[in-house]
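Residues 200 to 312 in the working numbering are what the sequence shown spells out, letter by letter.
Here the structure is laid out as structure tokens; the discussion comes afterwards.
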Amino acid sequence: MRPVSRRVLAQQLANVIARSGTAACQGRGQWWSEREVEHAAATTRSAAVAAAAPAMELCARCPIVASCTELVTLDQYTGLAAGAAVFRGTRAPTSRLRNAAAGQVSVPVREAG
Ligand code: SF4
Numbered sequence: 200m201r202p203v204s205r206r207v208l209a210q211q212l213a214n215v216i217a218r219s220g221t222a223a224c225q226g227r228g229q230w231w232s233e234r235e236v237e238h239a240a241a242t243t244r245s246a247a248v249a250a251a252a253p254a255m256e257l258c259a260r261c262p263i264v265a266s267c268t269e270l271v272t273l274d275q276y277t278g279l280a281a282g283a284a285v286f287r288g289t290r291a292p293t294s295r296l297r298n299a300a301a302g303q304v305s306v307p308v309r310e311a312g
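Right, dumping it as structure tokens:
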């Protein structure tokens with residue numbers, strides 16, 4: 200049997216999360232993308248933390264943060280997710296500056312939910 204690729208596993212998990220309807224960020228795709236863009240553009244640690252704070256408040260009360268953490272790792276996500284800044288699947292404090300941490304990384308756009 201062929202091993203299942205990381206990408207397929209990530210898609211399967213994303214589907215499960217979407218169908219659960221329990222993500223605290225559900226339906227906030229545009230709003231979340233704006234927070235990610237603001238966080239990515241931050242040039243100081245305090246500005247990065249402030250930009251991420253509204254999204255992190257949602258993550259702090261999200262019932263599926265464990266699944267979300269697994270997904271961002273599988274998906275090699277870059278952005279804000281699972282209560283952290285994420286750089287190609289690796290979680291970091293929101294004070295970490297995107298450009299300094301990961302070079303020229305594009306900012307993914309979360310689908311409107
Ligand atoms: S942990 Fe955060 S990013 Fe992940 S589903 Fe919940 S609210 Fe969304």
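The C-beta atom is built at its ideal place from N, Cα and C for all residues, glycine as well.
Treat the numbers as computed from the prediction; the structure is a model and nothing was measured.
If you check the CB distance, A284 and T293 come in under 8 angstroms. In this structure R297 touches A239 by the C-beta definition: roughly 4 angstroms separates them, less than 8 angstroms. C261 and A222 have their C-alpha atoms some 6 angstroms from each other. Chain order is used for the residues whose beta-carbon lies nearer than 5 angstroms to a heavy atom of the ligand SF4, namely A222, A223, C224, L257, C258, C261, V264, C267, A280 and A281. Annotation: the continuous beta strand (DSSP E) that includes R290 extends over T289 to A291. Here G282 is not near E235, since their CB atoms are 8 angstroms or more apart. Burial is judged here by how many other beta carbons sit within 10 angstroms of a residue's own beta carbon; A247 has at least 16 and is buried. In the structure shown, A217 adopts helical secondary structure according to DSSP, grouped into three states. Under the criterion of beta carbons closer than 8 angstroms, L270 and A209 qualify as touching, at roughly 6 angstroms. In the DSSP annotation of this structure, the continuous segment of the alpha helix (DSSP H) that includes A265 starts and ends at V264 to L273. DSSP places V203 in the coil class of the three-state scheme, outside both helix and strand. Shown here for A241: same chain residues with a beta carbon closer than 7 angstroms to its own, the five before and five after excluded, namely A247, A250 and L296 in chain order.
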